[in-house]
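S.K.: Below: one structure in structure tokens.
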Amino acid sequence: MRDTAHRDEIDQIQATEDDDKDVIGCIPRLLCNSHREIIENIVKSLPDTVESGKDDILDNDFDRYARLLDIYQEQPNLLDSIIPTILKTLESYITLPSSSSADKSLNKLSISALHYIAHLTKVRGYKVIVRLLPHHLSPLSTMSLHCHPIIIENQSTSSFVIDEPDGDIKCDPA
């Protein structure tokens with residue numbers, strides 16, 4: 026009796042394997058509207074989630090975001106319609122520490138936003154994401170304001186030196 030039950034199980038497994046021969050795979054042909062809404066809502070709610078301090082909700086939201094993006098791993102171009110909006114929103118959450126501030130670390134919202142951008146980059150590819158990121162160099166403009174008087178005063182070429190202990194960029198006249 027035990028042998029017949031075992032044989033029935035083997036026959037069932039073989040039958041399901043035979044049924045799966047026709048299935049090649051399932052990939053989406055369009056970005057599903059419900060996926061779009063969920064991804065956008067997760068990104069928009071990121072500041073509130075971080076502010077609440079509940080790490081489990083933050084982790085669950087990121088996992089859900091990552092799983093939804095991973096659905097489109099085979100055809101990432103389907104995400105192109107929402108990527109600019111998502112990047113712009115996530116970029117607005119990132120605040121770089123100022124050179125005058127004593128704390129040189131990123132805040133939790135900035136770190137979370139960078140994690141979201143990193144996963145989006147993994148799915149869509151860095152070449153596409155880099156084209157959509159801003160190309161302005163605001164830290165360099167601040168540095169140039171500090172170095173400009175020195176350059177004008179010396180009328181010579183200057184070199185920039187990064188001070189290792191605190192990470193400040195300083196202008197040393199040549």
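Start counting the sequence shown at 26; every next residue gets the next number (the numbering used here). No residue lacks a Cβ here, since even glycine has one placed at the ideal position from N, Cα and C.
Grab me the residues of L139's own chain with a C-beta within less than 7 Å of its C-beta, minus the 5 sequence neighbours each way, in chain order.
M.R.: For the purposes of this step, residue 139 is taken as the residue at position 114 of the sequence shown. Excluding positions up to five away in sequence, the list reads I119.
S.K.: Verify whether the separation of the beta carbon atoms of R156 and I107 is less than 8 Å.
M.R.: The residue you call residue 156 lines up with position 131 of the sequence shown. The residue you call residue 107 lines up with position 82 of the sequence shown. For R156 and I107, no; Cβs fall outside 8 Å.
S.K.: Shortest alpha-carbon distance to G150 belongs to which of Y97, G78, S125?
M.R.: For this step, residue 150 is matched to residue 125 along the sequence shown. Here the closest residue by C-alpha is Y97.
S.K.: Within 10 angstroms of the Cβ of I111, are there 16 or more other Cβ atoms? Answer buried if so, exposed if not.
M.R.: Here residue 111 corresponds to residue number 86 of the sequence shown, with the count starting at 1. Buried is the call here.
S.K.: In chain order, which alpha helix (DSSP H) runs of at least 4 residues are fully inside the segment 52-139?
M.R.: You should have 58-69, 71-77, 80-96, 108-118.
S.K.: How about I63 and L104: are their beta carbons less than 8 Å apart?
M.R.: Here the question's residue 63 lines up with position 38 in the sequence shown. Here the question's residue 104 lines up with position 79 in the sequence shown. Not in contact: I63 and L104 (Cβ atoms no closer than 8 Å).
S.K.: For T114, which residues in the same chain have their Cβ closer than 7 Å to its Cβ, ignoring the five residues on either side in sequence?
M.R.: Along the sequence shown, one-based indexing puts residue 114 at 89. Correct list, in chain order: V68, K69.
S.K.: Shortest alpha-carbon distance to I136 belongs to which of T146, S125, L121, A127?
M.R.: Reading the sequence shown from its first residue, position 111 is the one you call residue 136. Minimum Cα distance to I136 is reached at L121.
S.K.: Taking all protein chains shown into account, decide if D86 is buried (16 or more other Cβ within 10 angstroms of its Cβ) or exposed.
M.R.: Walking along the sequence shown from the start, residue 86 turns up at place 61. By the neighbour-count rule (16 or more Cβ atoms within 10 Å), D86 is buried.
S.K.: Under the rule that 16 or more other beta-carbon atoms within 10 Å means buried, what is L145, buried or exposed?
M.R.: As a working note, residue 145 is residue 120 in the sequence shown. Result: buried.
S.K.: In angstroms with no decimal places, state the Cα-to-Cα distance between D88 and S125.
M.R.: Here the question's residue 88 lines up with position 63 in the sequence shown. Here the question's residue 125 lines up with position 100 in the sequence shown. Looking at the two C-alpha atoms, the distance is approximately 36 Å.
S.K.: Quick check: what's the CA-CA separation for I74 versus L83?
M.R.: For this step, residue 74 is matched to residue 49 along the sequence shown. For this step, residue 83 is matched to residue 58 along the sequence shown. According to the sequence shown, residue 74 is Thr rather than Ile. Looking at the two C-alpha atoms, the distance is approximately 6 Å.
S.K.: How would you label L55, buried or exposed, when you count the other beta carbons within 10 angstroms and need 16 or more for buried?
M.R.: On the sequence shown, position 30 is the one that residue 55 refers to. When all chains shown are included, L55 counts as exposed.
S.K.: Less than 8 Å between the beta carbons of V148 and D81, yes or no?
M.R.: By one-based count along the sequence shown, residue 148 stands at place 123. By one-based count along the sequence shown, residue 81 stands at place 56. For V148 and D81, no; Cβs fall outside 8 Å.
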